[in-house]
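K.L.:
First, the structure itself, so that you have it in front of you.
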Amino acid sequence: MGHTALAAAGTSEPVCHDFEFEEIYDSYADFVWRSIRRLGVDEHAAEDLLQEVFVVVHRRLSDFEARSSMKTWLFGIVLGVVRNHRRSQRRRRVEPEPALVEIAPVSERDHPDERSARAEAVRVLYSMLDALDDEQREVFVMAELEGMQGTEIAEATGVNLNTVYARLRAARREFDQAVARMRAREGWRSGCR
Amino acid sequence: MSLSPESRAIIESARGAEDMSRSHRARLRGRVMAQVLTGAAITAGTSAATQVASAATISKIGAALVVAGAVGWGAQQALEPAPLPALGGSAYVVERATESAVANVQPKKETPVPQIAPAPPQPSAAPTASARTLSDEMALLQEAQRELQAGHADRALALLREHEQRYAAGTLIEEREAARVLALCRLGRTDEARAAAERFAVRFPRSPHRARVLTACAAR
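In structure tokens:
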């Protein structure tokens, strides 16, 4: 477990900090967030899942061994939490949970002029990822979006290297096809096919 | 087989655009630290973290959401006086955590009713200072929210000022500033409200409260 220290930080009351954990949060919160989102979790649920991931991280920090990279270790935890979430979504077959906290992109349509190009780029990427099945998607996100090595992916997903590469090949094919389909639709819409 | 150049371009153009906004990251950080610091002692050996988090923790998270919901409520009330909706979409955690408390959301005129039931005592896991600070911060903001709901915008504004002094670098600055705009509108201090709303929009360009804040006075 991370070392805990007392810091008086200008107040009379000592404040407890778990510096190691906080450092990990600050360094990897964005990585965890985008990984969860890239795996197809909507923005509202992603907040809860990020929280779950870091609760697990906090609990298991003492088990972390430097033989794997922090990123690989974290992605393994992300995968566990996201897979659980998918299972419970499937089991319940209900509408997505009501909004916990509204997050900015919900209002994107109200402000189409702002941040639109970047938000649109993300939207397009995620809709292409939606074309992949869950297993392909996991491998694709790690390999193509995070630049992780085959062995790291094998470790995080718990499948062997050959399977990783087979899924990656299939995922690339699906992604390319999804992009081609999107372009075809665009061309059809604008009448210049 | 590798990816087509076009697929590669789609990936590259989204790079860096997926990260959280600074305020979003800070807000989530507050939630995570509160949960970890208060919940860590009792979560050992369980898998679904949110299910085993202490009721105290969930209440705190719920409190943050009630605050977020209240801002929305204020705006809605500006449009038409209506009974307090069941905290809108924000009540999800609260409902799960403290169902009985949600029945109490309608505050009485003069005696503020706590919207969140006091957390059940946690014999083993005393909240640490960080978590206490966050819950204190939320409590103050909730008080301001109750005053606003009760039509006491001046009292709400005073509490918001107190919040500003005590939590200059707090977790709920965005919520405080949104509430301030609503309070100013209520008081008919429209020019100040508009100026505050513009500052808000600049400071929190991705805020979920943005639209409500910018239209708060117009709706009156």
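Here the protein sequences come in this chain order: A and B.
Note that my numbering has the first sequence beginning at 1, numbered continuously upward.
Note that my numbering has the second sequence beginning at 1001, numbered continuously upward.
Glycine included, every Cβ here is placed at the ideal spot set by N, Cα and C.
Using a Cβ-Cβ cutoff of less than 7 Å, which residues in the same chain neighbour arginine 1194 of chain B once the five nearest sequence positions on both sides are dropped?
P.N.:
The sequence position of residue 1194 of chain B within the second sequence is 194, counting from 1. Excluding positions up to five away in sequence, the list reads Cys1217.
K.L.:
Say whether chain D places a C-beta atom closer than 8 Å to the C-beta of arginine 1031 of chain B.
P.N.:
Annotation note: the requested chain D is absent from the structure, which comprises protein chains A and B.
K.L.:
If you run the structure through DSSP and keep just helix, strand and coil, what is cysteine 1217 of chain B?
P.N.:
Residue 1217 of chain B sits at position 217 when you count from the first residue of the second sequence. Reduced to three states, the DSSP call for cysteine 1217 of chain B is coil.
K.L.:
Can you list the residues of chain A that aspartate 1136 of chain B reaches, using a CB-CB cut of under 8 Å?
P.N.:
Locating residue 1136 of chain B in the second sequence gives position 136, where the first residue counts as 1. The premise fails here: aspartate 1136 of chain B is roughly 11 Å from chain A at the closest Cβ pair, so nothing lies under 8 Å.
K.L.:
Would you identify the three-state DSSP class for arginine 1189 of chain B, choosing helix, strand or coil?
P.N.:
Along the second sequence, read from residue 1 onward, the residue named residue 1189 of chain B stands at position 189. Of the three classes helix, strand and coil, the one that applies to arginine 1189 of chain B here is coil, per DSSP.
K.L.:
If you reduce the DSSP assignment to three classes, tell me which class threonine 157 of chain A lands in.
P.N.:
Here residue 157 of chain A is taken as the residue at index 157 of the first sequence, counted from 1. Note: threonine 157 of chain A maps to helix in three-state DSSP.
K.L.:
Whose C-beta lies closer than 8 Å to the C-beta of valine 124 of chain A among residues of the same chain, with five residues either side of it excluded?
P.N.:
Counting from one through the first sequence, the residue named residue 124 of chain A turns up at place 124. The residues are Met182.
K.L.:
In chain order, what residues of the same chain lie with their CB nearer than 6 Å to the CB of glutamine 1077 of chain B, ignoring the 5 residues before and after it?
P.N.:
Residue numbering aside, residue 1077 of chain B sits at position 77 when the second sequence is read from its first letter. With a pLDDT of 38 at glutamine 1077 of chain B, under the threshold of 50, the modelled position of this residue cannot be trusted; read the value that follows with caution. Excluding positions up to five away in sequence, the list is empty.
K.L.:
Return helix, strand or coil for histidine 1152 of chain B, following the three-state DSSP convention.
P.N.:
On the second sequence, residue 1152 of chain B is found 152 positions in, with the first residue counted as 1. Histidine 1152 of chain B falls in the coil class under three-state DSSP.
K.L.:
When we look at the beta-carbon of threonine 151 of chain A and count the other beta-carbons within 10 Å, is it buried (16 or more) or exposed?
P.N.:
Here the question's residue 151 of chain A lines up with position 151 in the first sequence. It is exposed - the Cβ of threonine 151 of chain A has fewer than 16 other Cβ atoms within 10 Å.
K.L.:
Could you name the residues of chain B that glutamate 47 of chain A contacts, counting a contact when the two beta carbons are closer than 7 Å?
P.N.:
The residue you call residue 47 of chain A lines up with position 47 of the first sequence. Here the neighbours are Leu1028.
K.L.:
Around the C-beta of glutamate 1012 of chain B, are 16 or more other C-beta atoms found within 10 angstroms, so that it is buried, or is it exposed?
P.N.:
Indexing the second sequence from 1 puts residue 1012 of chain B at position 12. By the neighbour-count rule (16 or more Cβ atoms within 10 Å), glutamate 1012 of chain B is not buried but exposed.
K.L.:
Along the region 1172-1190 of chain B, where does the CB come closer than 7 Å to a CB of chain A? Name the residues.
P.N.:
Going along the region 1172-1190 of chain B in chain order, one finds no residue with a Cβ nearer than 7 Å to chain A.
K.L.:
On the criterion of 16 or more Cβ atoms from any shown chain inside 10 Å, does aspartate 176 of chain A qualify as buried, or is it exposed?
P.N.:
Here residue 176 of chain A corresponds to residue number 176 of the first sequence, with the count starting at 1. The residue is buried, with at least 16 neighbouring Cβ atoms inside 10 Å.
K.L.:
Between glutamine 89 of chain A and chain B, is any beta-carbon pair separated by less than 8 Å?
P.N.:
For the purposes of this step, residue 89 of chain A is taken as the residue at position 89 of the first sequence. By this cut-off, glutamine 89 of chain A is not an interface position.
K.L.:
Report the neighbours of tyrosine 25 of chain A on chain B: residues whose CB is nearer than 8 Å to its CB, in chain order.
P.N.:
As a first step, residue 25 of chain A must be located in the first sequence, where it is residue number 25. The contacting residues are Arg1029, Val1032, Met1033.
K.L.:
On the CB-based measure, 16 or more other CB atoms within 10 Å of its CB, does cysteine 1185 of chain B come out buried or exposed?
P.N.:
The residue labelled residue 1185 of chain B in the question sits at position 185 within the second sequence. So cysteine 1185 of chain B counts as buried.
K.L.:
Assign arginine 1027 of chain B to buried or exposed, taking buried as 16 or more other Cβ atoms, counted over all protein chains shown, within 10 Å of its Cβ.
P.N.:
Locating residue 1027 of chain B in the second sequence gives position 27, counting from the first residue. Arginine 1027 of chain B is buried by the Cβ-count criterion.
K.L.:
Spatial neighbours of valine 141 of chain A within its chain, please: C-beta separation below 6 Å, excluding the five flanking residues on both sides.
P.N.:
Within the first sequence, numbered from 1, the residue matching residue 141 of chain A stands at position 141. Only Arg38 meet the Cβ criterion.
K.L.:
Measuring straight from C-alpha to C-alpha, what distance separates alanine 154 of chain A and serine 1207 of chain B?
P.N.:
Stepping through the first sequence from its first residue, residue 154 of chain A is reached at position 154. Stepping through the second sequence from its first residue, residue 1207 of chain B is reached at position 207. Each residue's alpha carbon lies about 38 Å from the other.
K.L.:
Between the region 152-171 of chain A and the region 72-87 of chain A, can you find at least three pairs of beta-carbon atoms closer than 8 Å?
P.N.:
With the cut-off at 8 Å, the region 72-87 of chain A and the region 152-171 of chain A touch.
K.L.:
Starting from valine 41 of chain A, follow the alpha helix (DSSP H) in both directions and report where the run begins and ends.
P.N.:
For the purposes of this step, residue 41 of chain A is taken as residue 41 along the first sequence, with counting starting at 1. Where valine 41 of chain A is concerned, there is no enclosing alpha helix (DSSP H), given that its DSSP letter is neither H nor E.
K.L.:
If you compare alpha carbons, which of B:Arg1015, B:Arg1008, B:Ala1009, B:Arg1022 is closest to phenylalanine 1204 of chain B?
P.N.:
Your numbering for residue 1204 of chain B matches position 204 in the second sequence. Answer by Cα proximity: B:Arg1022.
K.L.:
When we look at the beta-carbon of arginine 172 of chain A and count the other beta-carbons within 10 Å, is it buried (16 or more) or exposed?
P.N.:
As a working note, residue 172 of chain A is residue 172 in the first sequence. Burial call: buried.
K.L.:
Below 9 Å on C-beta distance, what does alanine 1197 of chain B contact in chain A?
P.N.:
Within the second sequence, the letter at position 197 stands for residue 1197 of chain B. Here the premise fails: no neighbours, minimum Cβ distance about 15 Å.
K.L.:
Whole angstroms is fine: what's the gap from arginine 87 of chain A's alpha carbon to glutamate 138 of chain A's?
P.N.:
Translated into the one-based positions of the first sequence, residue 87 of chain A becomes position 87. Translated into the one-based positions of the first sequence, residue 138 of chain A becomes position 138. If I take the Cα positions, the gap works out to 15 Å.
K.L.:
Counting only beta-carbon separations shorter than 8 Å, does aspartate 30 of chain A have a partner in chain B?
P.N.:
For the purposes of this step, residue 30 of chain A is identified with residue 30 of the first sequence, where counting begins at 1. Yes, aspartate 30 of chain A lies at the interface with chain B (some Cβ there is under 8 Å from its Cβ).
K.L.:
Return no unless some Cβ of chain B is closer than 8 Å to the Cβ of glutamate 144 of chain A.
P.N.:
Here residue 144 of chain A refers to the residue found at position 144 of the first sequence. At least one chain B Cβ lies under 8 Å of glutamate 144 of chain A.
K.L.:
From the beta carbon of glutamate 1018 of chain B, is the nearest beta carbon of chain A less than 8 Å away?
P.N.:
Reading the second sequence from its first residue, position 18 is the one you call residue 1018 of chain B. At least one chain A Cβ lies under 8 Å of glutamate 1018 of chain B.
K.L.:
Kindly list the residues whose CB is nearer than 6 Å to the CB of serine 1007 of chain B, restricted to its own chain and excluding five residues on each side of it in sequence; keep chain order.
P.N.:
Here residue 1007 of chain B refers to the residue found at position 7 when the second sequence is read from its first residue. Cβ within range, chain order: n/a, list empty.
K.L.:
Anything in the region 1136-1166 of chain B with a Cβ closer than 9 Å to a Cβ of chain A? List those residues in chain order, please.
P.N.:
Those would be none; no residue qualifies.
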